[in-house]
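A.B. asks: Just so it is clear: in the sequence shown, position 386 is 386 by the UniProt record's numbering, and no numbers are missing. Right, I'll just put the structure down here and ask away after.
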Amino acid sequence: MTGPTGPLHRLRTLPLRSRLALLVATAVAVAVAVAAVACWLLTRTQLESELDNSIRNTSAGDPAVRDALNNCGAPISPENRAGFAYVQVVLSDGSRCVASFSEPVKVQPQDVAVATGTLRQSLHNSVTDSGAKVRVFTKATPYGPGTQVAVTVSRPLAEIDASLNRLALLLTAVAGVGVIGAGAAGLWVARSGLRPVDGLTRAVEHVARTEDLAIRIPVEGEDEIARLSRSFNSMTAALASSRDRQSQLIADAGHELRTPLTSLRTNIELLARSEETGRAIPPDDRKALMASVKAQMTELAALIGDLQELSRPDAADPGPLQVVALHQVVESALERARLRGPDLTISAELSPWYVRAEPAALERALVNVLDNAVKFSPSGGSVEVSLSASGELTVRDHGPGIPADELPHVFERFWRSPSARALPGSGLGLSIVARTVQQTGGEIALRQAAGGGTVAAIRIPGAPTPPPETPGTG
């Protein structure tokens, strides 16, 4: 029975250590049993073969045959039955003549067939009149002019049965000891093999109980347990890093949100107090106040959008990648940048280049790069944008530039240069740009420009073909 209450179900309910020990013990027990049975069978075959050779080589000469014929029908004294082999003569009519020193053996059809000349010889089993099993070799022997008889030479099978029984007892004892040893070995193997698993279990329970992700499991060797331990350590390290980034994101977001919210609350309180006291705010001040509220709300909306973008895991699917014309996306981003910097001269030299990317995310990233260039350019300055035939996009401004010691931090979340903290922005734009470019398989770098300013260089691998909807391309 193998149902819910059967042996398989009961086996599955056992602890892993017990199951492993039981399986090892069972496997060894089966192997010992098979080896014991095979040994017993081989030994029996060998003993029987030796017995057959022995009776074949036992000569029943003319005196033995004459003695058997002379005693035909005479009673045999039990005290005289002590010969090495039993000899008797079988006649063609199936009668037998037993030698004086032999135990009478029952005549078999094979013996009669040899006596009548149908068979030349025969090797078979029979029993004595007293019921003892014997091995019989029957051979035709000439006796007298033109006549022959069948002479049978028999040996008791008890002499090999006794040896086989002793061997069976010995093998049973050895198998029993082997099974007990297998059980002990299985238990030892289970304990030794599962000791690392016990450590892993304790570590998992500790993490579940305390949420301590700093725990690490010692790794020894290169086996499956070692791989599992390394995977667990990597998982806890990744979870700890993710939790740290999440905590840092929440802390930085709270810090960044506090400033526009405080300013917005102050302006709203001024408007509310003006309504409550009946003291009107001068039109110019009221207009500036409303403009400030609108700017702060715009800043909050942009910051919340950036936070939503960064809240996605780094491994999340960025969306379906499409073959897009990078030069067209740059032109669209330039139109928005010119609206934000009407007093700037923004020039562009764009060669056709096609990439695989998510169009909306790519355009947002390019807008962020151009916004940075516009924000840090002096009034009346210029921004040069170039997309080379090799696919490198560069955006160069003529602003104050970024000090060399600050360049490694520009793509960190919420990082802002001390000189730029008075300017609008959340410090998330470039981190979003870096993330989007990396998801397309590209890379971005910022460097100081010769003569002042900053150069942002973006390189995205080209697509094998342009979009099908673009005419005149190939």
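Glycine included, C-beta positions come from ideal geometry on N, C-alpha and C.
How would you write the range of the beta strand (DSSP E) that E384 sits in, first residue to last?
C.D. replies: For the purposes of this step, residue 384 is taken as residue 384 along the sequence shown, with counting starting at 1. Run containing E384: 382-387, per the beta strand (DSSP E) assignment.
A.B. asks: Using a threshold of 8 Å, state whether the C-beta atoms of Y354 and A238 are closer than that.
C.D. replies: Taking the sequence shown and counting its residues from 1, the one referred to as residue 354 is at position 354. Taking the sequence shown and counting its residues from 1, the one referred to as residue 238 is at position 238. No; because the gap between Cβ atoms is not below 8 Å, this pair is not in contact.
A.B. asks: Just verifying my parser: in three-state terms, what is the DSSP assignment at A357?
C.D. replies: Within the sequence shown, the letter at position 357 stands for residue 357. Three-state DSSP puts A357 in a strand.
A.B. asks: Can you check which of these residues, V105, L69, V30, S54, is closest to G144 by C-alpha distance?
C.D. replies: Numbered from 1 along the sequence shown, position 144 holds the residue referred to as residue 144. For G144, the nearest C-alpha among the options comes from L69.
A.B. asks: Could you check the C-alpha separation between V410 and P403 for me, to the nearest Å?
C.D. replies: Your numbering for residue 410 matches position 410 in the sequence shown. Your numbering for residue 403 matches position 403 in the sequence shown. Taking the straight line from one Cα to the other gives about 11 Å.
A.B. asks: By DSSP's criteria, I444 is part of a beta bridge. Which residues make up the other side?
C.D. replies: Locating residue 444 in the sequence shown gives position 444, where the first residue counts as 1. Partner(s): I458.
A.B. asks: Excluding the five sequence neighbours on either side, which residues of its own chain have a C-beta within less than 6 Å of the C-beta of residue 476, listed in chain order?
C.D. replies: Nothing in the structure corresponds to residue 476, since the chain is present only between 1 and 474.
A.B. asks: By Cβ distance, which residues of its chain are closer than 8 Å to N368, with the 5 residues on each side in sequence left out?
C.D. replies: The sequence position of residue 368 within the sequence shown is 368, counting from 1. Taken in chain order, the residues that qualify are G429, L430, I432, V433.
A.B. asks: Candidates Q246, V177, V134, T138: which alpha carbon is nearest P156's?
C.D. replies: Looking up residue 156 in the sequence shown gives position 156. It is V134.
A.B. asks: Could you check what DSSP says for C39 in three-state terms: helix, strand or coil?
C.D. replies: Against the sequence shown, residue 39 aligns to sequence position 39. Three-state result, C39: helix.
A.B. asks: I'd like the list of long-range same chain contacts for N80, defined as Cβ closer than 8 Å, with 5 residues on each side in sequence excluded.
C.D. replies: The sequence position of residue 80 within the sequence shown is 80, counting from 1. The predicted model places N80 with a pLDDT of 48, which falls under 50 and marks its position as unreliable; any figure quoted below should be read in that light. Cβ within range, chain order: S100, F101.
A.B. asks: Please return the same chain residues whose Cβ sits closer than 6 Å to the Cβ of A25, not counting the five positions on each side in sequence.
C.D. replies: Residue mapping note: residue 25 aligns to position 25 of the sequence shown, counting from 1. Taken in chain order, the residues that qualify are A182, G183, G186.
A.B. asks: Would you call the stretch 372-384 and the stretch 342-351 in contact, with 3 or more CB pairs under 8 Å?
C.D. replies: Yes: the two stretches touch, three or more of their Cβ pairs being nearer than 8 Å.
A.B. asks: Within the continuous alpha helix (DSSP H) that includes L393, where are the two ends?
C.D. replies: Here residue 393 refers to the residue found at position 393 when the sequence shown is read from its first residue. It is not in any alpha helix (DSSP H) - L393 instead sits in the beta strand (DSSP E) that spans 392-396.
A.B. asks: Hey, quick one: how far does the alpha helix (DSSP H) through A337 stretch, first residue to last?
C.D. replies: One-based indexing of the sequence shown puts residue 337 at position 337. Its alpha helix (DSSP H) spans residues 326-340.
A.B. asks: Starting from Q88, trace the beta strand (DSSP E) in both directions and tell me its first and last residue.
C.D. replies: Within the sequence shown, residue 88 is the residue found at index 88, counting from 1. Where Q88 is concerned, the enclosing beta strand (DSSP E) stretches over 86-90.
A.B. asks: Is there contact here, the stretch 34-43 with the stretch 199-212, by at least three beta-carbon pairs under 8 Å?
C.D. replies: The stretch 34-43 vs the stretch 199-212: no contact.
A.B. asks: Sorted by chain position, which residues of the same chain lie with C-beta nearer than 6 Å to V28's C-beta, five sequence neighbours on each side aside?
C.D. replies: Translated into the one-based positions of the sequence shown, residue 28 becomes position 28. A182, listed in sequence order.
A.B. asks: Just how far apart, CA to CA, sit S241 and G178?
C.D. replies: For the purposes of this step, residue 241 is taken as the residue at position 241 of the sequence shown. For the purposes of this step, residue 178 is taken as the residue at position 178 of the sequence shown. The straight-line gap from Cα to Cα measures roughly 52 Å.
A.B. asks: Which stretch, first to last residue, makes up the alpha helix (DSSP H) that contains E109?
C.D. replies: Locating residue 109 in the sequence shown gives position 109, where the first residue counts as 1. The question names Glu, but residue 109 in the sequence shown is Pro. Looking at the DSSP string, the run of the alpha helix (DSSP H) that includes P109 is 109-115.
A.B. asks: Strictly by DSSP, which residues pair up with E269?
C.D. replies: Working through the sequence shown from its first residue, we reach residue 269 at position 269. Paired residue(s): none; E269 is not in a bridge.
A.B. asks: Near S274, what residues of its chain come up, given a Cβ to Cβ distance below 6 Å and the 5 sequence neighbours on each side ignored?
C.D. replies: On the sequence shown, position 274 is the one that residue 274 refers to. Excluding sequence neighbours, S274 sits near I281.
A.B. asks: By the three-class DSSP mapping on this structure, what secondary structure does A63 have?
C.D. replies: Counting from 1 along the sequence shown, the entry for residue 63 is found at position 63. Here residue 63 is Pro; the residue named in the question, Ala, does not match the sequence. P63: helix per DSSP, three-state reduction.
A.B. asks: Could you check how far apart the C-beta atoms of V90 and N71 are, in whole angstroms? I think they sit under 8 Å.
C.D. replies: For the purposes of this step, residue 90 is taken as residue 90 along the sequence shown, with counting starting at 1. For the purposes of this step, residue 71 is taken as residue 71 along the sequence shown, with counting starting at 1. The Cβ separation is near 14 Å, so there is no contact.
A.B. asks: Taking 7 Å as the cut-off, is the CB of R265 close to at least one heavy atom of the ligand FMN?
C.D. replies: Ligands in the displayed structure: none, and consequently the ligand FMN is not present.
A.B. asks: In the DSSP output, what is H124 paired with across the bridge?
C.D. replies: Here residue 124 refers to the residue found at position 124 of the sequence shown. BP columns for H124 point to V136.
A.B. asks: Along the chain, where does the beta strand (DSSP E) that runs through P150 open and close?
C.D. replies: Numbered from 1 along the sequence shown, position 150 holds the residue referred to as residue 150. Here residue 150 turns out to be Ala, not Pro, going by the sequence shown. First-last of the beta strand (DSSP E) with A150: 148-156.
A.B. asks: Measure the CB-CB distance between V437 and A365 and report whether it falls below 8 Å.
C.D. replies: Residue 437 sits at position 437 when you count from the first residue of the sequence shown. Residue 365 sits at position 365 when you count from the first residue of the sequence shown. Yes, the Cβ-Cβ distance between V437 and A365 is below 8 Å.
A.B. asks: Would DSSP call R279 helix, strand or coil?
C.D. replies: Translated into positions along the sequence shown, residue 279 becomes position 279. Coil.
A.B. asks: Are P359 and V385 touching if we call contact CB-CB under 8 Å?
C.D. replies: Your numbering for residue 359 matches position 359 in the sequence shown. Your numbering for residue 385 matches position 385 in the sequence shown. No.
A.B. asks: Let's test the definition: count the other Cβ atoms within 10 Å of the Cβ of P461 and tell me whether it reaches 16, buried, or not, exposed.
C.D. replies: Position 461 of the sequence shown, counting from 1, holds the residue named residue 461. Its Cβ having fewer than 16 others within 10 Å, P461 is exposed.
A.B. asks: Where Q88 and V149 are concerned, what is the direct C-alpha to C-alpha distance, given to the nearest angstrom?
C.D. replies: Here residue 88 is taken as the residue at index 88 of the sequence shown, counted from 1. Here residue 149 is taken as the residue at index 149 of the sequence shown, counted from 1. So the two alpha carbons sit approximately 10 Å from each other.
A.B. asks: Do V114 and T138 have their C-beta atoms closer together than 8 Å?
C.D. replies: By 1-based counting over the sequence shown, the position of residue 114 is 114. By 1-based counting over the sequence shown, the position of residue 138 is 138. Contact flag set, yes.
A.B. asks: Whole angstroms are fine: how far does the CA of G451 sit from the CA of E406?
C.D. replies: In the sequence shown, residue 406 corresponds to position 406, counting from 1. In the sequence shown, residue 451 corresponds to position 451, counting from 1. Taking the straight line from one Cα to the other gives about 18 Å.
A.B. asks: Could you compute how far the alpha carbon of V197 sits from the alpha carbon of R216?
C.D. replies: Mapped onto the sequence shown, residue 197 falls at position 197. Mapped onto the sequence shown, residue 216 falls at position 216. Those two C-alpha atoms are separated by around 14 Å.
A.B. asks: What did DSSP end up calling V410 once you bin it into helix, strand or coil?
C.D. replies: Along the sequence shown, one-based indexing puts residue 410 at 410. Correct three-state label for V410: coil.
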